[in-house]
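Everything in the sequence shown is counted per my numbering, starting at 23 for the first residue and increasing by one. Worksheet for the structure shown next.
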Amino acid sequence: MPKIKKAKKIKEEKLKNLEIQKGKVKNAMFSSTLITYLLAALFLLISFIFNGNIITGWVENVVEAKIVIDDGGAPSFLYIMDIIIKSFSVILFFFFLFISIGNFQEYRGYIMTWKEMIVIFVISLLQVSSNFTTFFITTIGITICITYFYFLQGKIEKRDF
């Protein structure tokens, strides 16, 4: 009889330790989801500030630089920085939102569907629809992100657990 009680007690301890480890993993997944959501919100705010032309002094300098470009001159440093900030804020918004929604779905026990991916893609491209150059650069960047996630997922699926 004592051996059975010891084996039962050991089994209960192992199950308890397994539940504790599961809880720790779930907490880590939730906190990483929350952090990536906050980063996505930060880059969305930056994107709205720059793509929405809220900063007027910056925009006036960029418009002057655009006039110089239209006259056949080289683009100014401010114009290039404006394009880079606008494009990369949207690309990073897409990247972090994609990761956070994927983490949240994994936390819930589901996978991310194509519908969610397309909605994020459309929201990201709508942010830069006013300028063709930023739209083009952002589309290329988001395509690279999607390709990266596709190949990363393929490597994860091939690993033996």
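For glycine and all other residues, C-beta sits at the position ideal for the given N, C-alpha and C. The structure displayed is predicted, hence computed values, not measured ones.
Check                                                                                                             : Outcome
Backbone secondary structure at G74 - three-state DSSP                                                            : coil
F115 and S69 closer than 8 Å at C-beta                                                                            : yes
Alpha carbon of T55 to alpha carbon of Y129, nearest angstrom                                                     : 9 Å
8 Å Cβ shell around I156 - same chain, five flanking residues per side excluded                                   : Checking the sequence shown, residue 156 turns out to be Thr, not Ile. Within the same chain, T156 has close Cβ partners N73, I105, K108, S109, V112, V150.
Close Cβ partners of T58 (< 6 Å) along its chain, the five nearest in sequence each way excluded                  : F118, I121, S122
Reduced DSSP secondary structure (H/G/I, E/B, other) of A96                                                       : coil
Nonlocal neighbours in the same chain, by C-beta distance under 7 Å from F183, ignoring five residues either side : Any reading at F183 is ruled out, since the residue's pLDDT is 49, under 50, leaving its predicted position unreliable.
Buried or exposed (CB count within 10 angstroms, at least 16 for buried), I142                                    : buried
Buried or exposed by the 16-neighbour rule on C-beta atoms within 10 Å, applied to A62                            : buried
Classification of F158 by the beta-carbon crowding that lies within 10 angstroms, buried from 16 upward           : exposed
Burial state of Y101, where buried means 16 or more other Cβ atoms lie within 10 Å                                : buried
G131 - DSSP class collapsed to helix/strand/coil                                                                  : coil
N-terminal and C-terminal residue of the alpha helix (DSSP H) that S146 is part of                                : 136-148
Proximity below 8 Å, CB of I165 to CB of L147                                                                     : For the record, residue 165 in the displayed sequence is Thr; it is not Ile. Taking 8 Å as the Cβ cut-off, T165 and L147 do not qualify as a contacting pair.
Where F183 falls: helix, strand or coil (DSSP)                                                                    : Below a pLDDT of 50, predicted positions are generally treated as unreliable, and F183, at 49, falls in that range; no measurement from the model is reported.
Local conformation of S151 per DSSP, three classes                                                                : coil
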